[in-house]
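Peer 1: Note that our numbering gives residue 158 to position 155 of the sequence shown, counting from 1, and the numbers run on in steps of one.
Think of the CB as a built atom: it goes at the ideal place given N, C-alpha and C, for glycine as much as any other residue.
One structure, pasted below without further comment.
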Amino acid sequence: MPLRLACVLLVISVLLAPAPAAASVPGWSWPLERHEVSGPFDPPADRYAAGHRGIDLSGVVGDRVRAVAPGRVTFAGQVGGVPVVTIDHGGERSTYQPVAARVEVGDAVTARQVIGTLQGEHSHCPSACLHLGRRSGEDYLDPLDLLGAGRFVLVSPDGDPPPPPAGAGGRLVRPVGGPVTSPFGMRVHPLTGVRKLHDGTDFAVPCGTPVRAAAGGTVTAAGSAGAYGRRITIRHGRDLETSYAHLSVVSVPVGDPVTAGEVIGRSGTTGLSTGCHLHFMVREGGALTDPMSSL
Numbered sequence: 004m005p006l007r008l009a010c011v012l013l014v015i016s017v018l019l020a021p022a023p024a025a026a027s028v029p030g031w032s033w034p035l036e037r038h039e040v041s042g043p044f045d046p047p048a049d050r051y052a053a054g055h056r057g058i059d060l061s062g063v064v065g066d067r068v069r070a071v072a073p074g075r076v077t078f079a080g081q082v083g084g085v086p087v088v089t090i091d092h093g094g095e096r097s098t099y100q101p102v103a104a105r106v107e108v109g110d111a112v113t114a115r116q117v118i119g120t121l122q123g124e125h126s127h128c129p130s131a132c133l134h135l136g137r138r139s140g141e142d143y144l145d146p147l148d149l150l151g152a153g154r155f156v157l158v159s160p161d162g163d164p165p166p167p168p169a170g171a172g173g174r175l176v177r178p179v180g181g182p183v184t185s186p187f188g189m190r191v192h193p194l195t196g197v198r199k200l201h202d203g204t205d206f207a208v209p210c211g212t213p214v215r216a217a218a219g220g221t222v223t224a225a226g227s228a229g230a231y232g233r234r235i236t237i238r239h240g241r242d243l244e245t246s247y248a249h250l251s252v253v254s255v256p257v258g259d260p261v262t263a264g265e266v267i268g269r270s271g272t273t274g275l276s277t278g279c280h281l282h283f284m285v286r287e288g289g290a291l292t293d294p295m296s297s298l
């Protein structure tokens with residue numbers, strides 16, 4: 004075969020070869036051993052306005068700080084005198100401050116790898132805390148959406164959307180991040196001492212965390228509901244209904260149509276509650292069911 008023809012065929016084969024799929028990054032793991040949020044995400048109205056561009060995690064000076072997901076270190080130094088580490092995860096970045104780095108720019112890191120130690124100076128909290136940030140391009144995002152149950156995936160904004168995650172039911176999206184602190188089922192109520200059915204799933208999130216509709220539907224109730232505090236109920240077709248209790252803010256009125264993932268309120272501790280969290284309920288065919296079987 005003539006050399007020139009062989010070169011042409013090689014170029015064509017390279018051009019037609021399928022591009023490698025973008026690697027997905029697992030949901031974030033907690034960077035500190037303690038899973039206590041002392042300051043919620045409160046994004047600014049614009050990039051120059053005041054706001055809280057991440058979350059604060061309570062800690063102790065000297066705590067080991069770990070990478071939330073695999074990636075590569077893109078910054079390890081000081082910004083305005085504050086020690087900061089930044090890791091790129093392929094489409095999104097995590098930032099940690101104030102942290103004395105144990106890694107250098109260019110280092111590849113694995114999830115849960117120690118990247119530094121928590122410092123006491125330059126903290127904007129009353130006591131030591133880790134400020135954890137999450138960015139996609141110039142946009143600030145809520146790190147809590149990726150912490151907790153590990154059911155989320157970091158996705159490059161330039162790639163194709165991934166398929167929905169597998170689940171037992173999979174019809175509903177998770178209304179908040181955060182770990183499950185009390186599952187659906189029989190339990191002794193922490194305030195009344197009575198053993199009874201816990202009719203939903205509790206997610207530990209700070210007061211003021213945005214609560215999102217688990218699926219599209221119509222708001223059928225929105226307001227005070229006794230021991231449930233401020234509660235929103237949404238009907239999703241004929242046989243499915245979800246409720247969101249102990250809210251601090253109700254953002255949708257009765258009769259409003261909502262879409263999956265739309266912010267409908269903010270978490271709180273209203274009603275009979277031991278602290279900030281979301282109590283999430285699911286009814287199918289009028290019967291209470293375990294919400295986790297549908298997420």
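Quick test of your reading: A187 and D293, contact by CB under 8 Å. State the CB separation rounded to the nearest angstrom.
Peer 2: If you number the sequence shown from 1, residue 187 lands on position 184. If you number the sequence shown from 1, residue 293 lands on position 290. Note that residue 187 is Phe in the sequence shown, not Ala. Yes, they are in contact, since the Cβ atoms of F187 and D293 sit about 4 Å apart, within 8 Å.
Peer 1: Which stretch, first to last residue, makes up the beta strand (DSSP E) that contains M310?
Peer 2: This structure cannot settle anything about residue 310, because the visible part of the chain is limited to 4 through 298.
Peer 1: With 16 other CB atoms within 10 Å as the buried threshold, where does A216 fall?
Peer 2: Here the question's residue 216 lines up with position 213 in the sequence shown. By the 10 Å Cβ count, A216 comes out buried.
Peer 1: Keeping to the same chain, check which residues put their C-beta closer than 7 Å to that of V261; ignore five residues upstream and five downstream.
Peer 2: What you label residue 261 is simply residue 258 of the sequence shown in a count that begins at 1. Counting only Cβ-Cβ distances below 7 Å, and skipping sequence neighbours, we find A216, G219, G220, V222, I237, V255 and I267.
Peer 1: Count Cβ pairs between the stretch 141–148 and the stretch 61–69 that sit closer than 8 Å; are there 3 or more?
Peer 2: Output reads no: the stretch 61–69 does not touch the stretch 141–148.
Peer 1: Going by the CB atoms, is the gap between G74 and V92 shorter than 7 Å?
Peer 2: Counted from its first residue, the sequence shown places residue 92 at position 89. Counted from its first residue, the sequence shown places residue 74 at position 71. According to the sequence shown, residue 92 is His rather than Val. Taking 7 Å as the Cβ cut-off, H92 and G74 qualify as a contacting pair.
Peer 1: Tell me the DSSP secondary structure of G65 in three-state form.
Peer 2: Working through the sequence shown from its first residue, we reach residue 65 at position 62. It is coil, neither helix nor strand.
Peer 1: Less than 7 Å separating the beta-carbons of G123 and V87?
Peer 2: Numbered from 1 along the sequence shown, position 120 holds the residue referred to as residue 123. Numbered from 1 along the sequence shown, position 84 holds the residue referred to as residue 87. Their beta carbons are not under 7 Å apart, which means G123 does not touch V87 by this criterion.
Peer 1: Here's a check: name, in chain order, each residue in its chain whose Cβ is nearer than 8 Å to the Cβ of E107, leaving out the five neighbours to either side.
Peer 2: Taking the sequence shown and counting its residues from 1, one reaches residue 107 at position 104. The residues are V76 and A79.
Peer 1: From the DSSP secondary-structure annotation, give me the bridge partner or partners of C132.
Peer 2: Counting from 1 along the sequence shown, the entry for residue 132 is found at position 129. Answer is S61.
Peer 1: Assuming H280 contacts A228 under a Cβ cut-off of 8 Å, what Cβ separation, rounded to an integer in Å, is found between them?
Peer 2: For the purposes of this step, residue 280 is identified with residue 277 of the sequence shown, where counting begins at 1. For the purposes of this step, residue 228 is identified with residue 225 of the sequence shown, where counting begins at 1. Contact doesn't hold; Cβ gap of about 16 Å is too wide.
Peer 1: DSSP beta-bridge partners for L200?
Peer 2: Reading the sequence shown from its first residue, position 197 is the one you call residue 200. Its beta-bridge partners are M189.
Peer 1: Could you tell me whether the Cβ atoms of R115 and S32 are closer together than 7 Å?
Peer 2: Residue 115 sits at position 112 when you count from the first residue of the sequence shown. Residue 32 sits at position 29 when you count from the first residue of the sequence shown. In contact: R115 and S32 (Cβ atoms closer than 7 Å).
Peer 1: Quick check on the DSSP output: the beta strand (DSSP E) that includes G80 runs from which residue to which?
Peer 2: Within the sequence shown, numbered from 1, the residue matching residue 80 stands at position 77. First-last of the beta strand (DSSP E) with G80: G74 to V82.
Peer 1: Could you check what DSSP says for D148 in three-state terms: helix, strand or coil?
Peer 2: One-based indexing of the sequence shown puts residue 148 at position 145. Note: D148 maps to helix in three-state DSSP.
Peer 1: By Cβ distance below 6 Å, which residues in the same chain neighbour H134 in space, the five residues on each side in sequence not counted?
Peer 2: By 1-based counting over the sequence shown, the position of residue 134 is 131. Around H134: G57, D59 and Q100.
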